[in-house]
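Below is one structure, written out as structure tokens; comments come after it.
Residue numbers (our numbering): 18 to 126.
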């Protein structure tokens, strides 16, 4: 659980607050962060969903700190590439807002 503590502190959460969110004990969070024990797969999924990251990032298998979504290969110009780079840095809520705005512009046509 290489990155759990990093994510928790980045989100300004105490071990107890994270435990409350995940419906586990504070001692469990402590044990996960200190590699004393490992969470079950359901707890890993909850953590990944809460922090909008992947299980691979939580356990230290990748340095990519966001969920990897399926993509298709497209030829993009520099501006399009920059938009996608910025979009990928947004939270899921921010992405939803951007999608809504984009759809409203397209509906005006």
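Glycine included, C-beta positions come from ideal geometry on N, C-alpha and C.
query	result
Taking the alpha-carbon positions, what's the residue 56 to residue 86 distance?	24 Å
Here's a check: name, in chain order, each residue in its chain whose Cβ is nearer than 8 Å to the Cβ of residue 112, leaving out the five neighbours to either side.	104
Can you give me the Cβ contacts of residue 84 inside the same chain, cut-off strictly under 7 Å, excluding the 5 residues immediately before and after it?	69, 70, 71
On the three-state DSSP scale, how would you describe residue 62?	helix
Taking residue 67 and residue 38 to be in contact with their CB atoms under 8 Å, please state how far apart those CB atoms are, rounded to whole angstroms.	6 Å
In the structure shown, what three-state DSSP assignment does residue 78 receive?	coil
Taking buried to mean at least 16 other C-beta atoms within 10 Å of its own C-beta, is residue 20 buried or exposed?	buried
Quick check on DSSP: helix, strand or coil for residue 71?	coil
Express the C-alpha separation of residue 125 and residue 52 in angstroms, rounding to a whole number.	54 Å
Express the C-alpha separation of residue 27 and residue 58 in angstroms, rounding to a whole number.	23 Å
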